[in-house]
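Input: a single structure, listed below in structure tokens.
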Ligand SMILES: Nc1nc2c(ncn2[C@@H]2O[C@H](COP(=O)(O)OP(=O)(O)OP(=O)(O)O)[C@@H](O)[C@H]2O)c(=O)[nH]1
Ligand SMILES: [Mg+2]
Ligand SMILES: [Zn+2]
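In my numbering, the protein residues as written are 5 to 312.
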């Protein structure tokens, strides 16, 4: 029997079989995967082969992943966890109010998603009741990411703003919903499919941060077609396996300039005749994005020191 993992708690798995039957299964012995540097052998979205052993269902095999996205523990350099696999697109939910998503966080996500070839849409949620300052911030972000070519949407789950467009984005695709705790991922899903009744919780009035309400990634089938994967709020995405010279390849607005740097392995830091730095000076690449690039490059270099 073949099925897709819709939820993983680490000890057991919820699976939907090809005939739509929902079952719970556990792992058969120790499964070995190629990506053995991750802490979870099976993730939401994995296609698996199921066997029946007496009364129990067991996962006998994980079929090859078409793609996947990884989160990284900020504390443990080597603790990498696959959040989900076999996805058509990622929807990064961001907010300029409370909690605030920084462009640095967005850039880190985009870097990861580009590296794994996962198309990303940025949804700015909580676009209601914004202060003048927050509106300005939103405007700047929309301009910056729009210019690069990313698809963007402004929503409000509570004020029901642009939910039709949100639904259209999801139609007939398997989408991963990611973002910090408290940005409204579960609320957005409830707003287009209320019967799911996903748990949501107000952000802390003390810290302005989310309460980590969703604790396990879970895939939900959408009545209008498609699947959506709700995920727990994320602090950081894994970039530890990257090579320094790769980082600029995933800042997609840098691509047209890379071939024009004097050195083919230019890192666009202090090298002479660097076409990327020139493009920043000429206003063709956003300074803030270039700043993010340098931060992420340094992170990748730092992570390599730990790994080697
Ligand atoms: N003003 C406003 N509040 C919203 C909006 N969307 C969600 N909220 C509120 O934000 C809080 C957090 O929403 P959740 O849906 O639990 O956030 P989440 O991203 O799922 O958080 P985690 O599960 O912890 O990762 C709740 O109190 C929601 O009612 C919105 O568009 N506008
Ligand atoms: Mg949630
Ligand atoms: Zn360069």
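Ideal Cβ positions, reconstructed from N, Cα and C, are used throughout, including at glycine.
Item, Value
"Kindly indicate which residue of 162, 284, 231 and 299 has the alpha-carbon position closest to the one of residue 92.", "231"
"With hydrogens ignored, establish whether the beta-carbon of residue 189 is closer than 7 Å to any heavy atom of ligand 2.", "yes"
"Could you check whether the Cβ of residue 161 sits closer than 7 Å to any heavy atom belonging to ligand 4?", "This structure lacks ligand 4; its bound ligands are ligand 1, ligand 2 and ligand 3."
"Going by DSSP in three states, residue 194 sits in which element: helix, strand or coil?", "helix"
"When you measure from the CB of residue 13 to every non-hydrogen atom of ligand 2, does any distance come out below 7 Å?", "no"
"In this structure, does DSSP put residue 134 in helix, strand or coil?", "coil"
"Measuring alpha carbon to alpha carbon, tell me which residue in 84, 30 and 59 is nearest residue 65.", "30"
"Taking DSSP as the reference, what is the three-state secondary structure of residue 297?", "helix"
"Should residue 73 and residue 94 be called a contact, given that it needs their Cβ atoms to be closer than 8 Å?", "yes"
"Given that a residue counts as buried once 16 or more other Cβ atoms are within 10 Å of its Cβ, and exposed if not, what is residue 164?", "exposed"
"Quick one: Cα of residue 54 to Cα of residue 61, how far?", "6 Å"
"With 16 other CB atoms within 10 Å as the buried threshold, where does residue 285 fall?", "exposed"
"CA-CA distance, residue 69 and residue 170?", "27 Å"
"Using the beta-carbon of each residue, find all residues closer than 6 Å to any heavy atom of ligand 3 and list them in chain order.", "265, 270, 272, 275, 278, 279 and 280"
"Which word fits residue 299, buried or exposed, when buried means at least 16 other C-beta atoms lie within 10 angstroms of its C-beta?", "exposed"
"Is DSSP giving residue 313 helix, strand or coil here?", "Past the boundaries of the shown model lies residue 313; the chain is included only from 5 to 312, so the question cannot be answered."
"Under 7 Å Cβ to Cβ from residue 229, same chain only, skipping five residues before and after it: list those, please.", "175 and 176"
"Can you tell me which of the three DSSP states residue 93 falls into?", "strand"
"Within 7 Å: the Cβ of residue 229 and any heavy atom of ligand 1?", "no"
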